[in-house]
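Residue -17 is where the sequence shown starts when you use the numbering used here, and the numbers rise one by one after that. Note that the Cβ used here is the ideal one computed from N, Cα and C, for glycine as well. Keep in mind the model is a prediction, meaning the values are calculated, not measured. The block underneath contains the structure these notes are about, expressed in C-alpha cells.
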Amino acid sequence: MELYREICPRNICQSVEFLPYTKRNICAQTKTALALLYDEGLENAYDVRLKLTKEVLTIQKQDVVCIGGAPPGANHRTVTLRRQPVGGLGLSIKGGAEHGVPVVISKIFKDQAADQTEMLFIGDAVLQVNGINVENATHEEVVHLLRNAGDDVTITVEYLREAPSFLKLPLGSPGPSSDHSSRASSPLFDSGLHLNGHCSHTAPSSPSSPIANEPKYEKRWLDTLSVPLSMARISRYKAGTEKLRSSALEVLALDGASTGVLQFSTAQDCADWLRSISTNISDLTLQHMKMANKCCSPCDQVVHMGWVNERLQGADNSQNFRPKFLALRGSSFYIFGAPPVSTLDWGRAERAYNLCEVLFKVHKFWLSDNYWLQANLYLGLQDFDCEDPRSYCFSVLANHGKSHIFSVELGSELAVWEKAFQRATFMEVQRTGSKTYLCSWQGETLCFTVDFALGFTCFHSKTKNVLWRFKFSQLKGSSDDGKTRVKLLFQNLDTKQIETKELEFQDLTAVLHCIHSFIAAKVASLDPVFMDSQSMARRYLCSS
C-alpha cells in the first residue's frame, strides 16, 4: 500500500504570494436614504430614514413636532374640522382594529378642510371623534362615525411613528399636504372622506382655518438611534444561520447597539449601502490600527484586523456561523470573540497561531460552465446561485491539522484579507530569518532548519554536525503520510540526481506550513512581479 500522498513541487508555494503593501485610499461615505426597519419578532416593518456619516449610522423616524405656540400637555392634538360642501373633510383613512392597527389618516387633499387646519398629517392615528374613543374601533365604525358627525367634527390624533409598512403611507414631502394622484396602492381599503357626508343643513360653511393662538406643527425626521461605526460589524444573514436576508442588512456596534434589520427596496440599494458602511468601518479600523501601532515596537505592529464569521460544526453535523474578530499582529494570527481595545485584551485571544505555521486559502466554487469565477469571488460584481450562500470564504489551516473557515460580506474584503496575510507572513519570515524543528530518523534525534538565506539544513541535535544542506531552488518535490513523516526530494547540483531525505516530526503540519511560508516569501523577494501576477484578486482589482 502506498504510504505517502504525492505532492507536486509547486504545491508548497502555489497558493500564497506576497503583494507589496500599498496604502488604501479610503474615502469616507456620507449619504441618506429611505428604508424599512424590520422587527423579526413582531414580523412588522416601518419606514425610517438612514443618515450615514464618517463615524455614525443614524436611524431617523418621522414625527410631528410643535414649532410654535404653547404645546399641549400630551402628544395628542385635538383639531376641529368644518365640513365643506365640496370636499367634505378633505382626508382619507386606512387601517382599523380588524387589521391590528389604529385607523390612520392616509391622504390629505390640498386646500381642503384637513389641509387648511395645518395641524393634521398623513400618518396621524385617530384616537377620538367628537369625544368618542375609537382607538379599538374597526375601519367601518370610524368611517360611519365621521360621515355622520355633523358639520363640525372634532378629532383627536397622535402621530403613529412606527406605522406598519403594509399601510403603504406615502413618505415624500414631510409637509401636511399631499397629491391624490401620487398615492401608492395598499392592500387595505382606503376610505375617502373628501366627499360630502350627512350634514345637518345644506348651507355653505366657512372653511377650516388655524386659530391664531393654537400651536403650529410640522412633520420632521427625528434621530432615534445612532450606531457608532468604530469596530462595528455588518451582517446580511440571520444570526447564527446561513439564511441570507433578501436585500437587507444589520449593523451591530461594539457596545451592543443594533440598527435592527434594515430592508432596502432593491438588491442594488442594499449592496451600495453595504459597501458604503463597510468603507467607513474600514477607515475607522485603519485609524485605530495606526494609533495602536504608535505604542508598539516595529516587530509587533498590527497589519490588519476586522470582523468575520466563523463556520462551526455542531454535534449533529449542523453548521452555524459565529462572529469572530481576527487580527494579524507581529508574529501571530489572533482569533477573538470581541475586538481588543486595551493592551490586556491581546492576552485574552481565543486562539493565537504563529504566522509562519498557518496556511491561508481562498475558497473557490465550481460553476456549471466548468470555469472558476474568480471575479465574482473577489469583487462581488455579480450575483450567482451557489450551494453555499456565503460566497466569500477563506480558511486558515493551523498546526496539528486544526482548521478554521471564515466568511466575509464583500469580495473586496476577501481580497484585503488575502493580501494582509501574505504581507504579515512575509514580514514575519524576514524578522525571524530561520526556524528550527526537532525531528528524528532511524532512531536518531535531529534538527531541521528552514533559513530564509540558506534554505534547508539538517544536523545532529547534540553534536551540531551538519548532515545535509540544500537551497530552496533545489527542492523538486515532496510527499507525506498525513501524520508524521515527510519525504523531501532535492536535486544535487553536481550530479543532477534526485536525493530523497525522509524525516519524522511531532507536528508535521506546522513544519510543512513553515516551508510553504519561507518559499513563498523567498520567491516574492526575488521576483515580486511574478508573484503579483499569480494573484487572481490583484488581477481583477486592477482590471476593474
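Hey, would you say Q456 sits closer than 8 Å to L475, going by beta carbons? With respect to L475, Q456 sits close: the two C-beta atoms are nearer than 8 Å.
Top-ranked residue by Cα proximity to T407, from K504, R467, A95 and F472: Considering only alpha carbons, the answer is K504.
Residue range of the unbroken beta strand (DSSP E) whose run includes A253: Per DSSP, A253 lies in no beta strand (DSSP E) segment; the continuous alpha helix (DSSP H) that holds it begins and ends at A249 to K276.
With a CB to CB cut of under 6 Å and the five nearest residues on each side skipped, what residues in its chain are close to T427? Correct list, in chain order: S443.
Just list the residues that DSSP pairs P305 with in beta bridges. Its beta-bridge partners are N291.
Just the Cα atoms here: how many angstroms apart are L449 and C440? C-alpha separation (whole angstroms): 6 Å.
Please determine if the stretch 248 to 255 and the stretch 263 to 274 are in contact, where contact requires at least 3 C-beta pairs separated by less than 8 Å. No, they do not touch.
Q404, DSSP secondary structure in three states: If DSSP states are grouped into helix, strand and coil, Q404 belongs with the helices.
Cα-Cα separation, S499 to S460: Cα to Cα, the separation comes out at about 15 Å.
Inspect the beta-carbon positions of I137 and L39 and report whether they are closer than 8 Å. Not a contact, by the Cβ cut-off of 8 Å.
Once you ignore the five residues that flank S507 on each side, which residues in its own chain have a CB closer than 7 Å to its CB? Excluding sequence neighbours, S507 sits near nothing in its chain.
Could you tell me how far apart the beta carbons of A131 and N115 are, in whole angstroms, since I believe they sit closer than 8 Å? Actually they do not touch by this definition, with Cβ atoms about 14 Å apart.
Meets three-Cβ-pair contact criterion under 8 Å: the stretch 74 to 86 and the stretch 234 to 245: Segment contact: the stretch 74 to 86 against the stretch 234 to 245, fewer than three CB-CB distances shorter than 8 Å; contact not assigned.
Restricting to Cα atoms, I'd like to know which of M287, T12 and E22 is closest to L231. Here the closest residue by C-alpha is E22.
Sheet register partners of K417 (DSSP bridge): Note: K417 sits in a beta bridge opposite V432.
Quick one, which of V340, P305 and Q301 has its alpha-carbon nearest S314's? Taking each of V340, P305 and Q301 in turn and checking the Cα distance to S314, the smallest one comes out for V340.
Suppose you measure from the CA of L102 to the CA of F318; what does that come to, to the nearest Å? If I take the Cα positions, the gap works out to 53 Å.
Mark V47 as exposed unless 16 or more other C-beta atoms lie within 10 angstroms of its C-beta, in which case mark it buried. A residue is called buried once 16 or more other Cβ atoms fall within 10 Å of its Cβ, and V47, having fewer, is exposed.
Just tell me which of F454, F434 and F430 has its CA closest to the CA of K446. Ranking F454, F434 and F430 by CA distance to the CA of K446 puts F430 first.
Assuming V86 and A145 make a contact with CB atoms under 8 Å, what is their CB distance in whole Å? Going by Cβ atoms, the distance from V86 to A145 rounds to 6 Å, so yes, they are a contact pair.
Please report the straight-line C-alpha distance between K33 and L236, rounded to a whole angstrom. If I take the Cα positions, the gap works out to 19 Å.
Can you tell me which of the three DSSP states E391 falls into? When secondary structure is reduced to three states using DSSP, E391 falls in the coil class, being assigned neither helix nor strand.
Helix, strand or coil: how does DSSP classify R311 here? Under the three-state reduction of DSSP output, R311 falls in the strand class.
When you compare the CB positions of V378 and F342, do they come within less than 8 Å of one another, or not? Taking 8 Å as the Cβ cut-off, V378 and F342 qualify as a contacting pair.
Determine contact between the stretch 24 to 31 and the stretch 87 to 97, defined as no fewer than three beta-carbon pairs at a distance below 8 Å. The stretch 24 to 31 vs the stretch 87 to 97: no contact.
Rounded C-alpha distance that separates G425 from E486: Near 10 Å, if we compare the C-alpha coordinates of E486 and G425.
Would DSSP call H121 helix, strand or coil? H121: helix per DSSP, three-state reduction.
Considering only DSSP beta bridges, list what D45 is partnered with. According to DSSP, D45 bridges with R202.
The ligand GTP and K43: does the residue's C-beta get closer than 7 Å to at least one heavy atom of that ligand? Among the components of this structure there are no ligands whatsoever, and the ligand GTP is therefore not found.
When DSSP builds the beta bridges, which residues end up paired with F441? F441 is bridged by DSSP to C429 and V448.
By DSSP's criteria, E140 is part of a beta bridge. Which residues make up the other side? DSSP, once it has assigned bridges, lists A107 as partnering E140.
Could you pull out every residue in the same chain whose Cβ sits closer than 7 Å to the Cβ of S422, ignoring the five residues on either side in sequence? The beta carbon of S422 is closer than 7 Å to those of L428 and E486 in its chain, skipping five residues each way along the sequence.
Beta carbon of N381, beta carbon of K36: below 8 Å? Going by C-beta atoms, N381 is not nearer than 8 Å to K36.
Where does V323 fall in DSSP's three states? Coil, per DSSP.
Considering only C-alpha positions, which residue in the set S208, L256 and G50 is nearest to Y219? Ranking S208, L256 and G50 by Cα distance to Y219 puts L256 first.
R333: which of T223, A309 and T414 sits nearest, CA to CA? The shortest Cα separation from R333 among T223, A309 and T414 belongs to A309.
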